[in-house]
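Novice:
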Amino acid sequence: MKDIKSLSKEELKEYIESIGEKGFRADQIFRWLHYDTVTSFDEMTNLSKALREKLKTEAYIADAKIEDCQMSKTDGTRKYLFRFRDDCMAESVFMKYSYGNSVCISSQVGCRMGCSFCASTLDGLERNLAASEMLEQIYAIKRDTGEDISHIVVMGTGEPMDNYDNLLRFLKLINHKEGQNLSHRNITVSTCGIVPKILTLAEEKLQITLAISLHAPNQEKREKLMPVAKAYNINELMDACRTYFDKTGRRISFEYSLIKGENDSEEDAKELSELVRSINCHVNLIPVNPIKERNYRESDKMGVLAFKNSLERNGINVTIRREIGRDIDGACGQLRHRNLSDKRSEG
Ligand code: SAH
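Going by the numbering used here, the first residue of the sequence shown is number -12, and it counts up by one from there.
#1: Residue 114 by DSSP, collapsed to three states: which one?
#2: Beta carbon of residue 28, beta carbon of residue 43: below 8 Å?
#3: Taking Cβ positions, are residue 112 and residue 98 nearer each other than 8 Å?
#4: Following the continuous beta strand (DSSP E) through residue 138, name the residue where it begins and the one where it ends.
#5: Excluding the 5 residues preceding and the 5 following residue 58 in the sequence, name in chain order all residues of the same chain whose CB lies nearer than 6 Å to its CB.
#6: Among residues of its own chain, excluding the 5 on either side of residue 334, which ones have a beta-carbon nearer than 6 Å to its beta-carbon?
#7: Express the C-alpha separation of residue 294 and residue 287 in angstroms, rounding to a whole number.
#8: Taking three-plus beta-carbon pairs below 8 Å as touching, is the segment 148 to 155 in contact with the segment 67 to 85?
#9: Which stretch, first to last residue, makes up the alpha helix (DSSP H) that contains residue 18?
#10: Count the other CB atoms, across all protein chains shown, that sit within 10 Å of the CB of residue 160; report buried if there are 16 or more and exposed otherwise.
#11: Could you please give the first and the last residue of the uninterrupted alpha helix (DSSP H) stretch that includes residue 183?
#12: Tell me the residue span of the alpha helix (DSSP H) that contains residue 228.
#13: Taking the CB atoms as reference points, tell me whether residue 128 and residue 89 lie closer together than 8 Å.
#14: Alpha carbon to alpha carbon, how far is residue 118 from residue 153? Give it in angstroms, no decimals.
#15: Taking all protein chains shown into account, decide if residue 209 is buried (16 or more other Cβ within 10 angstroms of its Cβ) or exposed.
#16: Report the residue from 243, 108 and 125 whose alpha carbon sits nearest the alpha carbon of residue 92.
#17: Going by C-alpha distance, which of 279, 284 and 260 is nearest residue 106?
#18: For residue 95, name the three-state secondary structure that DSSP assigns.
#19: Can you tell which of 68, 13, 103 and -11 has its C-alpha closest to the C-alpha of residue 244?
#20: Residues bridged to residue 70 by DSSP?
#21: In terms of residue numbering, what span does the beta strand (DSSP E) encompassing residue 243 cover?
#22: Please determine whether the Cβ atom of residue 142 lies at a distance below 7 Å from any heavy atom of the ligand SAH.
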């Protein structure tokens, strides 16, 4: 069966013509899929019944069923657990900001990167998500909330650069002017630092923001927290960031989770400033969200502020990420992991 929602407009046209239909049918179908975001062929009322029936036998429209939804009582955040066709599950988060609504999507079912502080990787990688399944997380949330979505962050479960082809397909489809027409400038893709893919993406010259999960000021500390650092060291990563900026003109965003006693000292702040000083960038600090499987603790408020001040004194652009949705298992992968664990203990 064809995953019709992952096809580019050109591929859809080719397919439609290959089954003996006129090309303009592809325009109609594309619009139903990506503008109206329908979930069945029967809703495509301007197609003939015969064509709808034929499509049903050859293709499917990927959908995401809401398995669970937790709503924050304090800030309008909603955390969704979605179930796909094959019963695999992924999490997405809907967040309200002053500049608009944002959705954080997953790029894989599970993750194989093994970052030591992250819940998403605890159960390993199950599979990649198709472009259609990344889109559907956004479409399903739009349908469920009835709200517009102006910003997207690919920062949920999974490593987007470990699912590069589908990521690129997704980025092109969500931006398509006959679909959601969402500006690349409002999309952030976060990576743990797979250098060759960062360089490949730079060549695409998309206007998206690249976020790098840095979390440490030097190679030694980074390797301890993030196994990926053993494959691509911190200097290579910084060079790739410079290249990314040169090719795209887009400022890099560094993510830095503060873990008490691990990476949050004055010395760490100084070293971090040195490391990123020559890169056109912005540093986003977030106190680590503790997961019960690991005994990391978050830096206290004073520690976070001191770290921020130290970076600022060294001339680095820095913000502390607003913490939202903590009352609803906000950390990456916690909802799915808990759901899997509950199922296991139920036997
Ligand atoms: N694999 C990608 C995107 C998913 S993780 C990446 O590594 O960037 C999204 C962000 O959340 C990353 O910066 C990640 O390091 C961070 N993160 C994961 N677990 C966290 C936790 N328990 N507390 C704080 N940040 C966490």
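Positions of the beta carbon are idealized from the N, C-alpha and C atoms, including for glycine.
Specialist: In short:
#1: strand
#2: yes
#3: yes
#4: 138 to 141
#5: 65
#6: For residue 334, the pLDDT reaches just 44, beneath the cut-off of 50, and the residue's location in the model is therefore unreliable, although a value from the coordinates is still provided. Here the set comprises nothing.
#7: 11 Å
#8: no
#9: 11 to 21
#10: buried
#11: 182 to 191
#12: 221 to 235
#13: no
#14: 5 Å
#15: buried
#16: 125
#17: 279
#18: strand
#19: 103
#20: 52 and 76
#21: 239 to 245
#22: yes
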